[in-house]
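Worksheet: the structure to be examined is printed underneath.
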Amino acid sequence: MQPVVSAFLAVDRALNRIIAVIAVLALATAACLGLLQVVSRFALKIPLEWTEVTIRIALAWMVFVGAALVFRAGAMIAVDMVRHMVPQRFKRLHDGFITLVTLGFLGLLGYWGYIYANRSATQTLLGLDFISVYWAYISIPIGCLCSAIAVIARFIEHEPVSDEEQELELVQ
């Protein structure tokens with residue numbers, strides 16, 4: 006394997022470890038704050054308005070950044086009808102086309118997410134007046150960048166397999 010490709014895949018592996026930690030921490034934060042919100046609102050009769058918005062931010066980061074792990078594992082929902090019709094010798098070409106379409110979508114989503122984050126940078130979060138909305142929306146382009154790296158790394162590392170092998174791999 007070429008040194009540039011090896012370095013890219015090493016960066017991808019390190020990034021995946023960081024992403025996994027961020028996604029787990031975001032989920033744990035959302036779960037703990039959800040429990041705190043329920044207890045404070047219904048047991049103590051003291052609603053904490055900042056927990057709801059913090060949960061939404063944590064879930065946004067978990068979803069957008071964590072999507073890279075799903076892309077890397079090849080576990081995104083796929084429409085396989087066309088792939089089943091493509092002869093085995095053209096599956097790599099088909100996978101390359103799907104990779105390019107996915108990268109195009111991630112590029113557009115990341116671009117508009119970045120624009121939207123910058124446009125709303127002067128707004129603050131409801132209940133957290135000291136935090137800009139920017140920090141919630143910037144999860145979109147960061148997640149798209151991480152997902153794009155994961156999509157490219159998956160394309161580089163995985164040779165196309167037959168449909169039967171792919172179905173067995175997903176079941177196990």
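In this note's numbering, the protein residues as written are 6 to 177.
Ideal Cβ positions, reconstructed from N, Cα and C, are used throughout, including at glycine.
Excluding five sequence positions before and after residue 132, the CB atoms of its chain that fall closer than 6 Å to its own CB belong to 54, 55 and 58, given in chain order. Residue 52 has its alpha-carbon roughly 43 Å from the corresponding atom of residue 108.
Between the region 65-72 and the region 145-156, the count of C-beta pairs closer than 8 Å reaches three or more; the two stretches touch. One thing to note: residue 149 has its Cβ no nearer than 8 Å to the Cβ of residue 105. Within the region 116-148, the runs of alpha helix (DSSP H) that reach at least 4 residues and sit entirely inside it are, in chain order, 139-142. Judged by their CB atoms, residue 31 and residue 64 are nearer to each other than the 8 Å cut-off.
About 15 Å separates the beta carbon of residue 81 from that of residue 87, a gap too long to meet the 8 Å contact definition. Counting only residues of its own chain and dropping the five nearest sequence neighbours on each side, residue 46 has a CB closer than 7 Å to the CB of 52.
C-alpha of residue 99 to C-alpha of residue 79: approximately 15 Å in a straight line.
Out of 134, 60, 117 and 73, the CA that lies nearest to the CA of residue 40 is found in 60.
With distances taken between CA atoms, residue 18 lies nearest to 154 out of 163, 154 and 160.
Each of 73, 9 and 11 was checked against the Cα of residue 26, and the nearest Cα belongs to 73. Within the same chain, 72, 73, 76 and 111 come within 7 Å of residue 152 by CB-CB distance, once the 5 residues on both sides are set aside. Counting only residues of its own chain and dropping the five nearest sequence neighbours on each side, residue 20 has a CB closer than 7 Å to the CB of 151 and 154.
The C-alpha of residue 141 lies about 28 Å from the C-alpha of residue 13.
By the C-beta density criterion, residue 62 is buried, having at least 16 other C-beta atoms within 10 angstroms.
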